[in-house]
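**Student:**
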Amino acid sequence: MHPQLIPEHHPKCGKVMEALVQCRLDNPIHRYWGACNQVTFDLSKCLVEEKKEYRAPRQAKYIAQWEAKREADKIRMAELDAEEAARLAAQGAAPVPGTPSQAAVSVPDVGSMAAGGSSGSSSSSRQGQL
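Under the working numbering, think of the first position of the sequence shown as 15, with each following residue one higher.
1) Excluding the 5 residues preceding and the 5 following C60 in the sequence, name in chain order all residues of the same chain whose CB lies nearer than 6 Å to its CB.
2) By a C-beta neighbour count over all protein chains shown, 10 Å radius and 16 as the cutoff for buried, is H24 buried or exposed?
3) Does DSSP put C27 in a helix, in a strand, or in coil?
4) Take A33 as the anchor and find which of R69, A96, D95 and L57 has the nearest alpha-carbon.
5) How many angstroms separate the CA atom of D87 from the CA atom of E97?
6) Return the CA-CA distance between L19 and A78, expressed in angstroms with no decimal places.
7) Quick check on the burial criterion: 16 or more other C-beta atoms within 10 angstroms. Buried or exposed for A70?
8) Can you tell me whether DSSP reads N41 as helix, strand or coil?
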């Protein structure tokens, strides 16, 4: 499929569009059996190239915006990591790089489980497997 054959809308492909219109006028019946296929393929190729040229500035603008956002995200993550380290230092715990905060991780008390907590008899059978 191609857009309407209006050469003013597609200045780089105007001559190919005119050739396709002329081919269709010269071959009103044979065009259905492929008389104008090569011109149609040339038009499709021309329109693809035209779109690439039209799209390049927008794509470059988007890439620049995306890179700026990534840099802003890196700066914000560094600030959050520094705040987390300061909070942990104020609590007296040493921060471990690459781990979530101590408040977010709930660790069960191992001593109460070994003393016969809610695990029952299944905990003694698992101790042999550890």
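Built from N, CA and C at the ideal position, the CB exists for glycine as well.
Predicted model, so just to flag it, every value in this text is computed and none were measured.
**Tutor:** Result, derived from the coordinates:
1) Residue 60 sits at position 46 when you count from the first residue of the sequence shown. Only C27 and V30 meet the Cβ criterion.
2) What you label residue 24 is simply residue 10 of the sequence shown in a count that begins at 1. Buried, by the Cβ-count rule.
3) Against the sequence shown, residue 27 aligns to sequence position 13. Helix.
4) As a first step, residue 33 is located in the sequence shown; it is residue number 19 there, counting from the start. That would be L57, whose Cα lies nearest to the Cα of A33.
5) Counted from its first residue, the sequence shown places residue 87 at position 73. Counted from its first residue, the sequence shown places residue 97 at position 83. Whole-angstrom Cα-Cα distance: 15 Å.
6) Here residue 19 corresponds to residue number 5 of the sequence shown, with the count starting at 1. Here residue 78 corresponds to residue number 64 of the sequence shown, with the count starting at 1. If I take the Cα positions, the gap works out to 35 Å.
7) For the purposes of this step, residue 70 is identified with residue 56 of the sequence shown, where counting begins at 1. Result: exposed.
8) Numbered from its first residue, the sequence shown carries residue 41 at position 27. N41: coil per DSSP, three-state reduction.
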